[in-house]
Each structure stands twice: as C-alpha cells, then as structure tokens.
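Enquirer: Residue numbers (my numbering): 595 to 725. Provided herewith is a single structure, encoded as structure tokens, for subsequent inquiry.
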C-alpha cells in the first residue's frame with residue numbers, strides 16, 4: 595500500500611508533467627536605421643489580426659522604439675512596409691531570428707535593423723539598445 599501511494603504521488607508530480615520549452619517573452623520593438631538614407635512610414639503588421647505598429651520617420655543611424663505589455667512570442671506571420679525617398683518597398687513576410695538559448699526569466703526586445711548591404715535583419719535581443 596505504501597508503495598502504491600508513493601507511485602501515485604510520483605506520477606502526479608512528475609509522470610504527468612509535460613516538458614515546456616522556454617518561451618520567448620517580448621516587451622518591445624525597435625526599428626533601427628543603419629543605412630545612410632532616411633526611412634519613412636515604417637509599418638509592421640500582424641497578418642492574421644491586422645494589429646500594427648509604425649514609425650513615421652527613422653533617420654540614418656537612429657531608431658524608433660516602442661514598448662508594450664510583456665507577451666509570449668507566437669511566431670505570427672508579419673508583413674513589413676517602408677518608404678525610402680518616397681518609393682515603396684514591401685516584404686510579404688518578416689521572420690525574426692530567435693536566440694540560440696532563451697532565458698524565460700527576462701523580456702526581449704524585437705529589433706528590425708535596416709542596412710544598406712543586406713536590406714534588413716530581424717532578431718531579438720536582451721539589450722534594450724543593441725545598436
């Protein structure tokens with residue numbers, strides 16, 4: 595009987611628990627312009643919900659940032675649009691590169707970095723100002 599009670603307790607505490615992967619917590623977004631041209635009307639939109647965040651002007655070597663309540667990153671489909679010298683440039687989808695290891699005890703900042711050589715990079719950082 596004692597063994598049965600121990601097994602029931604062990605199963606309740608450990609046997610039924612599932613492995614939960616560290617979830618990426620995000621609490622801000624920054625558009626960083628690492629190019630030599632002014633970027634205007636930057637909009638990042640969640641395709642499924644239509645929710646978006648935007649900045650009117652991001653001058654060279656400057657950034658526009660916003661914070662929001664901490665949330666789990668859900669890998670939703672995102673579209674990004676912006677203007678350079680009045681010309682529209684649109685990517686159908688932006689995919690953020692996740693950190694190699696995730697520390698679920700802290701909040702990350704999502705960064706979209708525009709540059710002259712590769713176009714843009716989208717990544718997460720622990721540092722609120724990685725530029």
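Where a beta carbon is used, it is the ideal one built from N, C-alpha and C, also for glycine.
Could you say which of 720, 625 and 630 lies nearest to residue 710 if we only look at CA atoms?
Expert: Here residue 710 is taken as the residue at index 116 of the chain shown, counted from 1. The residue with the shortest Cα to Cα distance from residue 710 is 630.
Enquirer: Which residues in the same chain have their Cβ closer than 8 Å to the Cβ of residue 700, if we skip the five residues on either side of it in sequence?
Expert: Counting from one through the chain shown, the residue named residue 700 turns up at place 106. So the list reads 619 and 720, once near-sequence residues are dropped.
Enquirer: If I measure Cβ to Cβ from residue 688 and keep anything under 6 Å in the same chain, skipping five residues before and after, which residues do I get?
Expert: Taking the chain shown and counting its residues from 1, one reaches residue 688 at position 94. Contacts found: 672, 674 and 716.
Enquirer: Exposed or buried, residue 684, counting other C-beta atoms within 10 Å across all chains shown (16 or more means buried)?
Expert: Position 90 of the chain shown holds residue 684. By the 10 Å Cβ count, residue 684 comes out exposed.
Enquirer: Would you please state the rounded distance, in angstroms, between the beta carbons of residue 626 and residue 657? I believe it to be under 8 Å.
Expert: Taking the first residue of the chain shown as 1, we reach residue 626 at position 32. Taking the first residue of the chain shown as 1, we reach residue 657 at position 63. Right, the Cβ-Cβ distance comes to about 4 Å (below 8 Å), so this counts as a contact.
Enquirer: Roughly how many angstroms separate the alpha carbons of residue 678 and residue 650, rounded to a whole number?
Expert: Locating residue 678 in the chain shown gives position 84, where the first residue counts as 1. Locating residue 650 in the chain shown gives position 56, where the first residue counts as 1. Going by the C-alpha atoms only, they are around 12 Å apart.
Enquirer: Flag this pair as yes or no: are the beta carbons of residue 676 and residue 634 separated by less than 8 Å?
Expert: Translated into positions along the chain shown, residue 676 becomes position 82. Translated into positions along the chain shown, residue 634 becomes position 40. Yes.
Enquirer: Sorted by chain position, which residues of the same chain lie with C-beta nearer than 6 Å to residue 632's C-beta, five sequence neighbours on each side aside?
Expert: Locating residue 632 in the chain shown gives position 38, where the first residue counts as 1. Within the same chain, residue 632 has close Cβ partners 653.
Enquirer: In terms of residue numbering, what span does the beta strand (DSSP E) encompassing residue 617 cover?
Expert: In the chain shown, the residue the question calls residue 617 occupies position 23. Counting along the chain, residue 617 falls outside any beta strand (DSSP E), and DSSP gives it neither H nor E.
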